[in-house]
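Here the protein sequences come in this chain order: Y and B.
Position 67, counted from 1, in the first sequence is what our numbering calls 120; the numbers after and before it change by one each time, with no gaps.
Position 8, counted from 1, in the second sequence is what our numbering calls 17; the numbers after and before it change by one each time, with no gaps.
A virtual CB, placed ideally from N, CA and C, is assigned to each residue, including glycine.
Note sheet for the following structure.
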Amino acid sequence: MSRGGSQDAVVVEGLVKRFGGNTALDGVDLAVPEGTVLGLLGPNGAGKTTVVRILSTLLQADGGRATVAGLDVATQADQVRGVIGLTGQYAAVDEYLTGVENLEMVGRLYRLGKKEARSRAVDLLDRFDLSDAARRPAKTYSGGMRRRLDIAASLIARPRVLFLDEPTTGLDPRSRLGMWEFIADLVSDGTTILLTTQYLEEADRLADAMVVIDRGRVIARGTADELKAQVGGERLELTVGSVPELARATEELRSLALDEPRSDEQTRRLTLPVSGGAATLAEALRRLEQAGVTLLDVGLRRPDLDDVFLTLTGRPAEDAAPSGDGASTPARTEETVR
Amino acid sequence: MSALTNTVSDSLVITRRNLIKVKRVPDLIVFATLSPIMFVLLFRYVFGGAINLPDGITYAEFLLPGIFAQTVVFGSTTTGASIAEDLQKGLIDRFRSLPMSRSAVLIGRTVADLGLNAISIVVMALTGLLVGWRINSSVPEAIGGFLILLVFAFAVSWMMALVGLLVRTPEVVNNASFIVIFPLTFVANTFVPLESFPSVLRTFAEWNPVSTVVQAARNLFGNQPDSVPVADAWSLQNPVLYTLIWAAVILAVFVPLAVRAYLGTAKR
Ligand SMILES: Nc1ncnc2c1ncn2[C@@H]1O[C@H](COP(=O)(O)OP(=O)(O)OP(=O)(O)O)[C@@H](O)[C@H]1O
Ligand SMILES: [Mg+2]
Numbered sequence: 054m055s056r057g058g059s060q061d062a063v064v065v066e067g068l069v070k071r072f073g074g075n076t077a078l079d080g081v082d083l084a085v086p087e088g089t090v091l092g093l094l095g096p097n098g099a100g101k102t103t104v105v106r107i108l109s110t111l112l113q114a115d116g117g118r119a120t121v122a123g124l125d126v127a128t129q130a131d132q133v134r135g136v137i138g139l140t141g142q143y144a145a146v147d148e149y150l151t152g153v154e155n156l157e158m159v160g161r162l163y164r165l166g167k168k169e170a171r172s173r174a175v176d177l178l179d180r181f182d183l184s185d186a187a188r189r190p191a192k193t194y195s196g197g198m199r200r201r202l203d204i205a206a207s208l209i210a211r212p213r214v215l216f217l218d219e220p221t222t223g224l225d226p227r228s229r230l231g232m233w234e235f236i237a238d239l240v241s242d243g244t245t246i247l248l249t250t251q252y253l254e255e256a257d258r259l260a261d262a263m264v265v266i267d268r269g270r271v272i273a274r275g276t277a278d279e280l281k282a283q284v285g286g287e288r289l290e291l292t293v294g295s296v297p298e299l300a301r302a303t304e305e306l307r308s309l310a311l312d313e314p315r316s317d318e319q320t321r322r323l324t325l326p327v328s329g330g331a332a333t334l335a336e337a338l339r340r341l342e343q344a345g346v347t348l349l350d351v352g353l354r355r356p357d358l359d360d361v362f363l364t365l366t367g368r369p370a371e372d373a374a375p376s377g378d379g380a381s382t383p384a385r386t387e388e389t390v391r
Numbered sequence: 010m011s012a013l014t015n016t017v018s019d020s021l022v023i024t025r026r027n028l029i030k031v032k033r034v035p036d037l038i039v040f041a042t043l044s045p046i047m048f049v050l051l052f053r054y055v056f057g058g059a060i061n062l063p064d065g066i067t068y069a070e071f072l073l074p075g076i077f078a079q080t081v082v083f084g085s086t087t088t089g090a091s092i093a094e095d096l097q098k099g100l101i102d103r104f105r106s107l108p109m110s111r112s113a114v115l116i117g118r119t120v121a122d123l124g125l126n127a128i129s130i131v132v133m134a135l136t137g138l139l140v141g142w143r144i145n146s147s148v149p150e151a152i153g154g155f156l157i158l159l160v161f162a163f164a165v166s167w168m169m170a171l172v173g174l175l176v177r178t179p180e181v182v183n184n185a186s187f188i189v190i191f192p193l194t195f196v197a198n199t200f201v202p203l204e205s206f207p208s209v210l211r212t213f214a215e216w217n218p219v220s221t222v223v224q225a226a227r228n229l230f231g232n233q234p235d236s237v238p239v240a241d242a243w244s245l246q247n248p249v250l251y252t253l254i255w256a257a258v259i260l261a262v263f264v265p266l267a268v269r270a271y272l273g274t275a276k277r
């Protein structure tokens, strides 16, 4: 439910979007309080980009309504565009322009003066480690550099509300950390951010609240801790020596699990939701030793967002197939769905 | 700032951006001018002898206005391909999320392409002068000749802008526009006198705006001596007026359609 009120910089109520017969959004509600970060999570095809595109006035909704900074995205689209910054899922930079020229162009189109556009451009290039490449055409940039330039472009006019659609996809770990710091700085300066991501760690790090959507519907919301609590229990995770042993271990331990165990043949890893802490761990070790299963690694941990995801959607976060078809979805997920 | 000054300043920003690409990719301008030069030389020296003209005019004089027209009309097809490329690369999305004027992206595109066409015409005119083409009219008339070519090309650019927004794949835009542009430029008085056409094609050619822009240019450059008769069709007797009406109608129809398509690009 939307919390409403004037302190929400983004309010979305009952948003519906259809593409032909395909319902991409099926009544999404969410709110982003001013000056906070909302993480919008969901598997591929969940509708995250569609939400962002409607909020940034690129798409028109078929139902429901949405406001940004109190402005209706459908009827006050022009004003909305003046207060937002958008970084789309795919970098949108002009390859033939240099880094500075790209930023200056966007700055000018936000109606900044020539001088201001130039000085903002120089600052942002510096901030995003692009100063050395500032005078080279973006054609010569690596994927990560383009991504950073794209994000810089969306920040040039200091937007009040920023939409970031998978902002760190394709960035190396160092750039990703830099981006996280930068996003944290923006928030401390009062920017409101709606961010979609495939990286649960990223949402955990940056987002004050999260909304999980799947097939166009909200399936969970709350802080990272609330979501984890919703999933409950602990996770016993172990890695075994061979694939046949994986099946054997699964059989041995099934009775300890609260829910269907999850095994991955590629990593030979078995994950079981359990309760009972150390005693359960000891019991598991005893059984495996008796069965002669080689253990490479074993541990007990709190559920992470991957578990949240899997439990809520029946699919792991990074799985490609929205329909959960066999090709890219290992058998284990089908078990979890049932 | 008023809406109009916003549109003008945003359009200038976009025009500048498009021209920077021309500067960075000089091949664009090289090929845009090389092919007309090739056309001038091919038609002048290879086919020139085979094409019968009435006395009183050389083939070079007859030919050049036709080449000008064909080249600028082809030049306008780049508008569609460039817009499709911007769409594909997500730049149109970027622009549409900015608080900029709604028509500036298209104006900036068509104006930049107008600039390219102007450069092509200059190169062709210089080549033409080398192979025997002459301007036999006053300076204002000659300027009028260049202007009417550019005005018509500008209108065609807006048609191509719509094609680019609807078709969305640069290569397909090129092929699709050639299918339309080739018959228009060849079933016309561009390279051969209309007398040589069979009657049905001839009527089409007489009312084809490409014929009339060519005729207008011939008249204004003084490449149509009084001794050589022009077909009786009203379009060819009043080629400047007829061409300007076409340009106005094309703009009146395609500017709003293209802007609407631009605003709706993401609706699918
Ligand atoms: N322009 C479009 N035309 C038709 N269907 C579309 C269009 N855009 C999105 N869809 C469909 O809408 C659904 C939601 O897509 P969306 O891009 O919002 O997902 P997403 O959550 O961003 O996925 P990803 O993680 O892969 O980016 C998908 O089923 C997709 O196929
Ligand atoms: Mg997406």
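Item	Value
Hey, R229/Y and A144/Y: beta-carbon distance below 8 Å or not?	no
Taking only three categories from DSSP, how would you classify T76/Y?	strand
As a quick exercise: from R227/B, V82/B, L210/B and I60/B, pick the residue whose alpha carbon is nearest that of F161/B.	V82/B
Looking at L289/Y: is its Cβ nearer than 8 Å to the Cβ of L311/Y?	no
CA-CA distance, A256/B and L158/B?	10 Å
DSSP on T250/Y, reduced to helix/strand/coil?	coil
Counting C-beta neighbours from all protein chains within 10 Å, is the total for N283/B 16 or more, i.e. buried, or is it exposed?	In this structure chain B extends from 10 to 277, so residue 283/B is not present and cannot be described.
So L202/Y packs on A191/Y, CB below 8 Å; how close in whole Å?	6 Å
Over what stretch of residues does the alpha helix (DSSP H) that includes E304/Y continue unbroken?	V296 to L306
Mind listing the chain B neighbours of D147/Y? Cutoff is C-beta to C-beta under 7 Å, in chain order.	R26 and L100
According to DSSP, is M109/B helix, strand or coil?	coil
Strictly below 8 Å CB to CB, what residues from chain Y border V239/B?	Per Cβ cutoff of 8 Å: no residues; V239/B is ~45 Å from chain Y at best.
Output, in chain order, the set of chain B residues within a Cβ distance shorter than 9 Å of D131/Y.	P108 and R111
Under the three-state reduction of DSSP, which class applies to L272/B: helix, strand or coil?	helix
For a test of the three-state rule: what should DSSP assign to D312/Y, helix, strand or coil?	coil
Under 8 Å between C-beta atoms, does I29/B make it to chain C?	Looking at the structure shown, chain C is missing, and the protein chains on hand are Y and B.
Comparing alpha-carbon positions, which option in R258/Y, D317/Y and V126/Y lies nearest T89/Y?	R258/Y
So the alpha helix (DSSP H) I236/Y belongs to, where does it begin and stop?	P226 to S241
At what residues does the alpha helix (DSSP H) containing I209/Y begin and finish?	Note, I209/Y: premise wrong, no alpha helix (DSSP H); not H, not E.
What residues from chain Y crowd round V34/B, counting only those whose CB sits closer than 8 Å?	Y149
With a cut-off of 8 Å, does the C-beta of M54/Y fall near any C-beta of chain B?	In this predicted model, M54/Y has a pLDDT of only 42, less than 50, meaning its place in the structure is not dependable enough to derive any value.
Select from V196/B, N232/B, K32/B and A93/B the residue whose C-alpha is nearest the C-alpha of V219/B.	V196/B
Going by beta-carbon coordinates alone, are T87/B and I190/B separated by less than 8 Å?	no
With E1/B as the anchor, note down where its beta strand (DSSP E) starts and where it stops.	Given that chain B is displayed from residue 10 to residue 277, the structure contains no residue 1/B and the question cannot be resolved.
Relative to ligand 2, what is the chain-ordered list of residues with a Cβ closer than 7 Å to any of its non-hydrogen atoms?	K101/Y, T102/Y, Q142/Y, D218/Y, E219/Y and T249/Y
For the alpha helix (DSSP H) holding P190/Y, just list the boundary residues, first then last.	Careful: P190/Y lies outside any alpha helix (DSSP H) and carries neither H nor E.
Under the criterion of a Cβ to heavy atom distance below 7 Å, does F72/Y qualify as lining ligand 1?	yes
With hydrogens ignored, establish whether the beta-carbon of A145/Y is closer than 7 Å to any heavy atom of ligand 1.	no
What three-state label does DSSP hand V216/Y in the structure shown?	Residue identity differs from the one stated: residue 216/Y is Phe in this sequence, not Val. It is a strand residue.
Based on Cα-Cα distance, which residue from V31/B, I92/B, R103/B and E94/B lies nearest to I137/Y?	R103/B
Hey, which unbroken runs of the alpha helix (DSSP H) at 4 residues or more fall wholly within the region 61-107 of chain B?	68-97 and 100-105
Are V293/Y and L349/Y closer than 8 Å when you measure CB to CB?	yes
Let's test the definition: count the other Cβ atoms within 10 Å of the Cβ of R277/B and tell me whether it reaches 16, buried, or not, exposed.	Caution applies to R277/B, whose pLDDT of 45 falls short of 50 and renders its modelled position unreliable; the model cannot decide the point.
In angstroms with no decimal places, state the Cα-to-Cα distance between A62/Y and R274/Y.	18 Å
For the region 107-123 of chain Y, which residues have a beta carbon sitting closer than 8 Å to at least one beta carbon of chain B?	S109, T110, L111, L112 and Q113
Going by alpha carbons, who is nearest to T110/Y out of L280/Y, A130/Y, A344/Y and F181/Y?	A130/Y
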